[in-house]
Amino acid sequence: MRNKRILFGASYSSIEPLGILHLSGLARDCGWDRKIHLVKDHDFEEFFELVKDFKPDIVGFNVYTGNHTQLAEAFVRLKKDFKNIITIAGGPHPTYFPVETAAYSDYVVMSEGFGALKKILTESAPLGILPMGATQHFPFPDRETFYKNYPE
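Numbering of the sequence shown is given in my numbering, commencing with residue 412 and proceeding in unit increments.
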């Protein structure tokens, strides 16, 4: 039996996506296989190819206001093409617009997401909007997974 798999996504930036690296570190510490993908110019085609090849159980995406419309469209397509994948949206946009985000995501993580992600990974979180709980210790970032595909 294979390990559970999670795919983290974010918009491409020349700045290290430290939040995603910490979340990936948490998934690593929980025994999950993981990949990280950065979407350039709102083009999700490579992202969908990775979903097809990696076959994640969960897809989580860091969402900013400005990429929320494209992410909503991508998550709708993701659910259509891969019905069993669980989706998570976190980041600034879901924190400020959780109800809107819940229309296209199984889980909406508001604010710091370490506690919420751990509950999702251990299947102890209810579907829907997950408000911030008690602050958690930052997991050691998963730079190894990230820099395999993004050495620049």
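C-beta atoms are modelled at their ideal positions from N, C-alpha and C, and glycine is treated no differently.
Item checked: Contacts around M521, its chain only, beta-carbon distance under 6 Å, and the 5 residues preceding and following it disregarded -> Looking up residue 521 in the sequence shown gives position 110. Here the set comprises T506, P509, P542 and M543.
**Study point:** Cα-Cα separation, E511 to H479
**Key:** The residue given as residue 511 occupies position 100 in the sequence shown. The residue given as residue 479 occupies position 68 in the sequence shown. Each residue's alpha carbon lies about 10 Å from the other.
- Query: Between which two residues does the beta strand (DSSP E) containing Y558 stretch?
  - Reply: The count along the sequence shown starts at 1 and reaches residue 558 at position 147. That residue, Y558, is in no beta strand (DSSP E); its alpha helix (DSSP H) goes R554 to N560.
When we look at the beta-carbon of I531 and count the other beta-carbons within 10 Å, is it buried (16 or more) or exposed? Start at 1 with the first residue of the sequence shown, and residue 531 comes out as number 120. That one is buried.
- prompt: By a C-beta neighbour count over all protein chains shown, 10 Å radius and 16 as the cutoff for buried, is V487 buried or exposed?
  reply: Numbered from 1 along the sequence shown, position 76 holds the residue referred to as residue 487. The residue in question, V487, is exposed, as its Cβ has fewer than 16 Cβ neighbours within 10 Å.
Q) For F551, which residues of its own chain have a beta-carbon under 7 Å away from its beta-carbon, when the five flanking residues on both sides are left out? A) Here residue 551 refers to the residue found at position 140 of the sequence shown. Closer than 7 Å at Cβ, skipping near neighbours: G436.
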